Amino acid sequence: MFKNILPGLMFAILWSTGAIGAKFGIRSADGLMLAAIRFICTGLLFSPFFLLHPKHRFLPKRNEWKPIFIYGFLNSTATLGSFFAAQKYSPAGISMLFTAVTPLLIALLSSIFLKRKLTRFEVGGMLISFTGLIVASLAALPNASIKPLGILLLVIYVTAYASSSIYLSNAHMSLSRMVFNIWQVFVGGVMLLPFCWLFNAHQVYKVDVNLLLSLAWLIMVLSFVANMIWMYLVKRDPVTAASWLYLVPVFGYLFGYLLLGESITLYSVIGTMLVIIGLVISKRKNGSTTKSA
Numbered sequence: 009m010f011k012n013i014l015p016g017l018m019f020a021i022l023w024s025t026g027a028i029g030a031k032f033g034i035r036s037a038d039g040l041m042l043a044a045i046r047f048i049c050t051g052l053l054f055s056p057f058f059l060l061h062p063k064h065r066f067l068p069k070r071n072e073w074k075p076i077f078i079y080g081f082l083n084s085t086a087t088l089g090s091f092f093a094a095q096k097y098s099p100a101g102i103s104m105l106f107t108a109v110t111p112l113l114i115a116l117l118s119s120i121f122l123k124r125k126l127t128r129f130e131v132g133g134m135l136i137s138f139t140g141l142i143v144a145s146l147a148a149l150p151n152a153s154i155k156p157l158g159i160l161l162l163v164i165y166v167t168a169y170a171s172s173s174i175y176l177s178n179a180h181m182s183l184s185r186m187v188f189n190i191w192q193v194f195v196g197g198v199m200l201l202p203f204c205w206l207f208n209a210h211q212v213y214k215v216d217v218n219l220l221l222s223l224a225w226l227i228m229v230l231s232f233v234a235n236m237i238w239m240y241l242v243k244r245d246p247v248t249a250a251s252w253l254y255l256v257p258v259f260g261y262l263f264g265y266l267l268l269g270e271s272i273t274l275y276s277v278i279g280t281m282l283v284i285i286g287l288v289i290s291k292r293k294n295g296s297t298t299k300s301a
């Protein structure tokens, strides 16, 4: 059981630092440009290793480019591009609340397109966790200021995130997971560049330590390590993988308190407890399902 829990827990912890890294990074560059630089640099930095590694075929075959472009657009261009852009127009608490909707969308899309039936334990666990996230966000909602563009970008973010997870779970890849990840991130970054100019978000204000450290964390930890863990989880079961997203806002509040000085209220504590209870209920049932598969 610990082997099944550890990857999901590691993903939740690492992925929760994405908003923190983006908040620091947009002090030095526009959000879309920051995301594009991150994705392209990820491909350029890691490509030589896999190109020279004898155990990995690096160059995709003709039929492998289609899933690379589709998943790269959904997962990198649309999902993370819109998330980075939204940080300029939306407070962190609202962004976290939108992130919490993603598992419900993945579960819904899985039931529609993958014919995966949800048990009452899975549904109950997700609803309890989602309730916890609402409670944890209540304190921030009255004072939250979000622009219409921020709402639109976050809607694109969660929809593309759910769609990319469903697509990946049903995609057939002969490339290794690591090589596929490098290609989809790089291609997603290239496809993001036109949107940077289209939305006039192509400025790098200053190349400083803040920008370099932000990019280093976003590239090494999120684009590579966290993405690899997420792909592993999604290939096992997209709905089970999605349940770990409930913990992302919980860790996000913690890191926000430690690194950005944001307050942790009683609502946050109660919400965290509900999230964990719901996750345990969901994982116990999902774990038994996974073992029998």
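In my numbering, each residue carries its 1-based index in the sequence shown increased by 8.
C-beta atoms are modelled at their ideal positions from N, C-alpha and C, and glycine is treated no differently.
The model shown is predicted, which means the values in this text are computed figures rather than measured ones.
Check your understanding: Distance, Cα to Cα, residue 13 vs residue 266?
Key -> Residue 13 and residue 266 have their C-alpha atoms some 25 Å from each other.
Practice item. To the nearest angstrom, report how far apart residue 253 and residue 20 are at their CA atoms. Key: 6 Å
Review point. Taking Cβ positions, are residue 199 and residue 85 nearer each other than 8 Å?
Key: yes
Review point. Leaving out five residues before and five after residue 75 in sequence, what residues of the same chain have Cβ atoms less than 7 Å from its Cβ?
Key: 179, 181
Practice item. Classify residue 37 as helix, strand or coil using the three-state DSSP reduction. Key: strand
Exercise for review: Round the Cβ separation of residue 24 and residue 263 to the nearest angstrom and send it over; I've been treating them as touching at under 8 Å.
Suggested key: 6 Å
Review point. In terms of alpha-carbon separation, which member of 31, 38, 228 lies closest to residue 212?
Key: 38
**Study point:** residue 103 vs residue 94 beta-carbon contact at 8 Å
**Key:** Taking C-beta atoms as the reference points, residue 103 and residue 94 count as a pair closer than 8 Å.
Point to revise | Meets three-Cβ-pair contact criterion under 8 Å: the stretch 53-67 and the stretch 180-196 | key: yes
Check your understanding: Pick from 106, 283, 32: whose alpha carbon is nearest that of residue 215?
Key -> Proximity to residue 215 across 106, 283, 32 peaks at 32, based on C-alpha coordinates.
Check your understanding: Would you report the Cα separation of residue 240 and residue 246, rounded to the nearest angstrom?
Key -> 10 Å
Review point. Apart from the five residues on each side of it in sequence, which residues of its chain come closer than 8 Å, Cβ to Cβ, to residue 300?
Key: In this prediction, residue 300 scores a pLDDT of 32, lower than 50, which makes its location untrustworthy; no coordinate-derived value is stated.
Review point. What do you get for residue 224, buried or exposed, if any count of 16 or more other CB atoms within 10 angstroms of its CB means buried?
Key: exposed
**Study point:** Close beta carbons around residue 124, own chain, < 6 Å, minus the five adjacent residues each side
**Key:** 118
Practice item. Report back the beta-carbon spacing between residue 137 and residue 283 to the nearest angstrom; my notes put them in contact at under 8 Å. Key: 5 Å
Practice item. From the DSSP output, in three-state form, read off residue 131 for me. Key: helix
Exercise for review: Tell me whether residue 212 sits in a helix, a strand or coil according to DSSP, three-state version.
Suggested key: strand
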